[in-house]
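Residue numbers (our numbering), protein chains in the order written: chain A, 35 to 250; chain B, 35 to 250. Notes follow the structure.
This is the structure in structure tokens:
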């Protein structure tokens, strides 16, 4: 049942995503889609990334949430353009939602768009938004066993950010077991340990991202 | 589009859920469905609840995960029957999945079934499983703003467990703001602050649950 119903939605989504991808390439804008659980620190990671890259690049942020605009307000408070998408209940962003947000941004002026997907380790995995990379964030309090339980998101991600590493002493997180599980699902994606609210480790992640933005 | 497609799925799900609910009532089994983000401590909360209630009640656990059986193994290690449902990618449990798990349990012998839904604050909200109560867990590291961003799950929950309260000094969690937001969405649901891995606060939550199991 699910496969029959999903197929036409995905085809339509993917076709629009391909249009968006072409548009991003023509305008030399790099788009990164951040996937994570609720409360893993997506917005804090975006704020830290903006801090690291705002001198070199023109950045905009698209915030996907079921409701509220608290995240977009935090980004705007840093003087960075932010567009809030409220999905009205939907558990993931789709390319049609992204298109509406893109339409209000001036792509000519932008180098990098950071998309914060809805907090959900499952559904956003299946939806192409025309982005250049999907990057996932797992936070230490969520536990080292998450690759076993949510393999899909680890497989589709171009990089894995491990956030809140400063809280590792508080939680029983086995970093070696985590990295081994990630490697089995995704041998190529780099893993960036960071503490976004403190800025620790952000430089390495930001440098990986900057290399890609420069090539866009 | 979404409404048109969801409607028939929900009707079929809800009809089977109604059958399950009738079956649970006839057998005097109380069924609680736990909703939470990945890594909020669902399994630890279940283990602590089992510890508190196993002397009085016969308990079984149904574990919903996209992949793996690590949670069911942890429950079985405590000598409690556990059935693992692997959704194979689906982001929530449906009543048809629950029925297959129920079919292998001896309802005559059971007083309480604890269902651990897929880690997802969004999708499980919409699916009736025939349970007596939906209870959600939010963990302190996820942040006090989650009621604003994921209102649906707070609205449908009969009780709210706030887990990992022992880590409150590490995180910038405003408990008063959290409780105010919850109250606006759901004036009735009790909020139980606990630290599942340490057993703190579990007694009050377990007592609330025990009162309901006795009446089933």
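Just so you know, even glycine gets a beta-carbon here, dropped at the ideal spot from N, CA and C. Small disclaimer: the values here were computed from a predicted structure and weren't measured.
Burial state of residue i (16 or more Cβ within 10 Å)
{"i": "residue 234/A", "result": "exposed"}
{"i": "residue 135/B", "result": "buried"}
{"i": "residue 49/B", "result": "exposed"}
{"i": "residue 126/A", "result": "buried"}
{"i": "residue 111/A", "result": "exposed"}
{"i": "residue 56/A", "result": "exposed"}
{"i": "residue 116/A", "result": "buried"}
{"i": "residue 226/B", "result": "buried"}
{"i": "residue 45/B", "result": "exposed"}
Cβ shell of residue i (< 6 angstroms), same chain only, five flanking positions each side left out
{"i": "residue 193/A", "result": "169, 223 and 224"}
{"i": "residue 118/A", "result": "97, 103 and 106"}
{"i": "residue 202/B", "result": "174"}
{"i": "residue 205/A", "result": "174 and 175"}
{"i": "residue 207/A", "result": "174 and 178"}
{"i": "residue 58/A", "result": "65"}
{"i": "residue 250/B", "result": "62 and 64"}
{"i": "residue 157/B", "result": "125 and 126"}
{"i": "residue 242/B", "result": "none"}
{"i": "residue 144/A", "result": "63, 92 and 94"}
Beta-carbon separation (whole angstroms), residue i vs residue j, contact threshold 8 angstroms
{"i": "residue 262/B", "j": "residue 165/B", "result": "For residue 262/B there is no data in the structure shown, the boundaries of chain B being 35 and 250."}
{"i": "residue 79/B", "j": "residue 220/B", "result": "Their Cβ separation, rounded to whole angstroms, is 19 angstroms, which puts residue 79/B and residue 220/B out of contact at 8 angstroms."}
{"i": "residue 199/A", "j": "residue 216/A", "result": "Wrong, their Cβ atoms sit about 15 angstroms apart, outside the cutoff."}
{"i": "residue 108/B", "j": "residue 69/B", "result": "Between residue 69/B and residue 108/B the Cβ distance is about 19 angstroms, and since that is not below 8 angstroms, they are no contact."}
Simplified DSSP state of residue i, which is helix, strand or coil
{"i": "residue 163/A", "result": "coil"}
{"i": "residue 97/A", "result": "strand"}
{"i": "residue 114/A", "result": "coil"}
{"i": "residue 200/B", "result": "helix"}
{"i": "residue 185/A", "result": "helix"}
{"i": "residue 220/A", "result": "coil"}
{"i": "residue 6/B", "result": "Because residue 6/B is not part of the residues shown, which for chain B are 35 to 250, the question remains open."}
{"i": "residue 36/B", "result": "At residue 36/B the pLDDT is 42, less than 50, meaning the model places this residue with poor confidence; the figure from the coordinates comes in the next sentence. Looking at residue 36/B - three-state DSSP - the assignment turns out to be helix."}
{"i": "residue 227/B", "result": "strand"}
{"i": "residue 151/A", "result": "coil"}
{"i": "residue 92/A", "result": "coil"}
{"i": "residue 49/B", "result": "helix"}
{"i": "residue 234/A", "result": "strand"}
{"i": "residue 124/A", "result": "coil"}
{"i": "residue 132/B", "result": "helix"}
{"i": "residue 244/A", "result": "helix"}
{"i": "residue 139/B", "result": "coil"}
{"i": "residue 67/B", "result": "strand"}
{"i": "residue 190/A", "result": "helix"}
{"i": "residue 173/B", "result": "strand"}
{"i": "residue 146/A", "result": "strand"}
{"i": "residue 76/B", "result": "helix"}
{"i": "residue 108/B", "result": "helix"}
Within 8 angstroms, strictly: CB atoms of residue i and residue j
{"i": "residue 159/A", "j": "residue 187/A", "result": "yes"}
{"i": "residue 54/A", "j": "residue 132/A", "result": "yes"}
{"i": "residue 123/A", "j": "residue 148/A", "result": "no"}
{"i": "residue 146/B", "j": "residue 64/B", "result": "yes"}
{"i": "residue 167/B", "j": "residue 248/B", "result": "no"}
{"i": "residue 240/A", "j": "residue 163/A", "result": "no"}
{"i": "residue 90/A", "j": "residue 244/A", "result": "yes"}
{"i": "residue 178/B", "j": "residue 211/B", "result": "yes"}
{"i": "residue 76/B", "j": "residue 142/B", "result": "no"}
Contact set for residue i: own chain, Cβ-Cβ below 7 angstroms, skip 5 residues either direction
{"i": "residue 71/B", "result": "153, 155 and 176"}
{"i": "residue 237/A", "result": "86"}
{"i": "residue 128/A", "result": "47 and 161"}
{"i": "residue 180/B", "result": "172"}
{"i": "residue 190/A", "result": "159 and 168"}
{"i": "residue 43/B", "result": "none"}
{"i": "residue 138/B", "result": "117"}
{"i": "residue 185/A", "result": "219"}
{"i": "residue 74/B", "result": "171, 172, 173, 176 and 197"}
Contacts around residue i, its chain only, beta-carbon distance under 8 angstroms, and the 5 residues preceding and following it disregarded
{"i": "residue 114/A", "result": "84, 88, 93, 94 and 95"}
{"i": "residue 121/A", "result": "98, 99, 100, 127, 131 and 152"}
{"i": "residue 36/A", "result": "At residue 36/A the pLDDT is 42, less than 50, meaning the model places this residue with poor confidence; the figure from the coordinates comes in the next sentence. Counting only Cβ-Cβ distances below 8 angstroms, and skipping sequence neighbours, we find nothing."}
{"i": "residue 38/B", "result": "Bear in mind that the predicted position of residue 38/B carries a pLDDT of just 49, short of 50, making it too unreliable to give a figure here."}
Heavy atom of the ligand FAD within 7 angstroms of residue i beta-carbon
{"i": "residue 94/B", "result": "For the structure depicted, the ligand FAD is absent and the ligand set is empty, with no information on it obtainable."}
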